[in-house]
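Heads up, the thing below is written out as structure tokens.
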Amino acid sequence: MDKKVAIAVLLCGLSVTHVSAKEFQDHTNMMAHGEGHLMDMDGGMVMGQNTDTLPGGCEKIAANKEITVHAGHKYSEKFPGTMFAFDQQEYHFEPCTRLTVHFINDDEIRHQWMMHGLPKYLYPKGMFHLEVSGPGKVSGTLILPPGDKTYLVHCDIAQHMEKGMKAQLKVGKGSEDLPSIPGVTGNVFPDDYSGKPYVPEHFPPAASMPSIAPAADKTVAPAAASKGEPAIFSGLSVIGLAIALVSAPFLSKKFKGMSAGEIIATVLETVSHGIGALIALLARLIKLFNNNKSIHLSDK
Ligand SMILES: [Cu+2]
Numbered sequence: 011m012d013k014k015v016a017i018a019v020l021l022c023g024l025s026v027t028h029v030s031a032k033e034f035q036d037h038t039n040m041m042a043h044g045e046g047h048l049m050d051m052d053g054g055m056v057m058g059q060n061t062d063t064l065p066g067g068c069e070k071i072a073a074n075k076e077i078t079v080h081a082g083h084k085y086s087e088k089f090p091g092t093m094f095a096f097d098q099q100e101y102h103f104e105p106c107t108r109l110t111v112h113f114i115n116d117d118e119i120r121h122q123w124m125m126h127g128l129p130k131y132l133y134p135k136g137m138f139h140l141e142v143s144g145p146g147k148v149s150g151t152l153i154l155p156p157g158d159k160t161y162l163v164h165c166d167i168a169q170h171m172e173k174g175m176k177a178q179l180k181v182g183k184g185s186e187d188l189p190s191i192p193g194v195t196g197n198v199f200p201d202d203y204s205g206k207p208y209v210p211e212h213f214p215p216a217a218s219m220p221s222i223a224p225a226a227d228k229t230v231a232p233a234a235a236s237k238g239e240p241a242i243f244s245g246l247s248v249i250g251l252a253i254a255l256v257s258a259p260f261l262s263k264k265f266k267g268m269s270a271g272e273i274i275a276t277v278l279e280t281v282s283h284g285i286g287a288l289i290a291l292l293a294r295l296i297k298l299f300n301n302n303k304s305i306h307l308s309d310k
């Protein structure tokens, strides 16, 4: 009897290890949650999907492109010191391209293909995001903005980017190269196997290493650009000039790499948010005033 129980336990154990490997899953039946967010119960996700809204500054869809991207441990083998990688580290597309990405995860863990720096008026949090848990495939579509800009693509799972899952997507001519793209650009922290503690002075930045410092001189806001013009100094223009001077560094950073259309759309978005906040504040004041009045009346 004991022998039979032991065999049964052994068989159970063997069958459990046999089914533990997840089968490849094509995530084609996801639920749409609105605003381009699709998801299913098996770890498939798309965020920031946009198949038809043209970004500001795009007159039409310039091209329809499709790519298949693989993510997995095996793609990191050609990059010493890394653990994870995409099968490709650099992508180039024309501005205003409608891009469909088929993302395939070859590992038994969770991976993402996450693109950053997109205009926030069109893409929530400025992101386009594909995600698959375990071996499987998910597909999503976005429309790339106009202008020359380099976008960061990475896997945001803790340490996956630092361990190699990082790429760049250049729209048009791109803006700059991002650092630490395996096989493409130099590391911010070069590999060192000496065993000595890291001292920054011992690693002067290599000439080939791209700079990620924001270029403050480019695309300064029109308000700031007009400050040199002789103007009639009314009170309002002085206030406007002061605001422009204070906000110029912030705006140049914010608008870097954007087209005129995108800048206008972003400014309009900011203004509408400001008006919304003002209305909310007024509504609160009116409510406060009315509440005081009703308390006063009820005292009678
Ligand atoms: Cu990952």
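Using my numbering, read the sequence shown as starting at 11 and increasing by one per residue.
A virtual CB, placed ideally from N, CA and C, is assigned to each residue, including glycine.
Item                                                                                                          : Value
Ser221 versus Ala31 - alpha carbon distance                                                                   : Note that Ser221 scores 44 on pLDDT, short of 50, meaning its location in the model is unreliable; the coordinates nonetheless yield the value given after this. Approximately 43 angstroms between the Cα atoms of the pair.
Gly54 versus Val256: straight-line alpha-carbon distance, rounded                                             : 44 angstroms
Trp123 and Val181 closer than 8 angstroms at C-beta                                                           : no
Short Cβ contact (8 angstroms threshold) for Phe113 with Lys75                                                : no
Rounded straight-line distance, which links the Cα of Asp97 to that of Tyr85                                  : 6 angstroms
Near ligand 1: Ile153 beta-carbon under 7 angstroms from a heavy atom                                         : no
Cβ neighbours of Gly82 in the same chain (closer than 6 angstroms, five flanking residues each side left out) : Asp116 and Asp117
As assigned by DSSP and simplified to three states, the class of Gly144                                       : coil
Inter-residue spacing [alpha-carbon to alpha-carbon] between Gly58 and Ala287                                 : 25 angstroms
Those residues which DSSP pairs with Phe113 across a bridge                                                   : Val79 and Val148
Ile153, DSSP secondary structure in three states                                                              : strand
CA-to-CA distance, Leu251 to Gly67, given in whole angstroms                                                  : 27 angstroms
Spatially closest choice to Pro101 from Asp187, Leu295 and Lys206, by CA coordinates                          : Per the sequence shown, the amino acid found at residue 101 is Tyr instead of Pro. Cα-wise, what sits closest to Tyr101 is Asp187.
Continuous beta strand (DSSP E) stretch holding Val163: start and end                                         : Lys159 to His164
Ala95 (DSSP reduced to helix, strand or coil)                                                                 : strand
Cβ neighbour criterion (16 or more within 10 Å) applied to Pro207                                             : exposed
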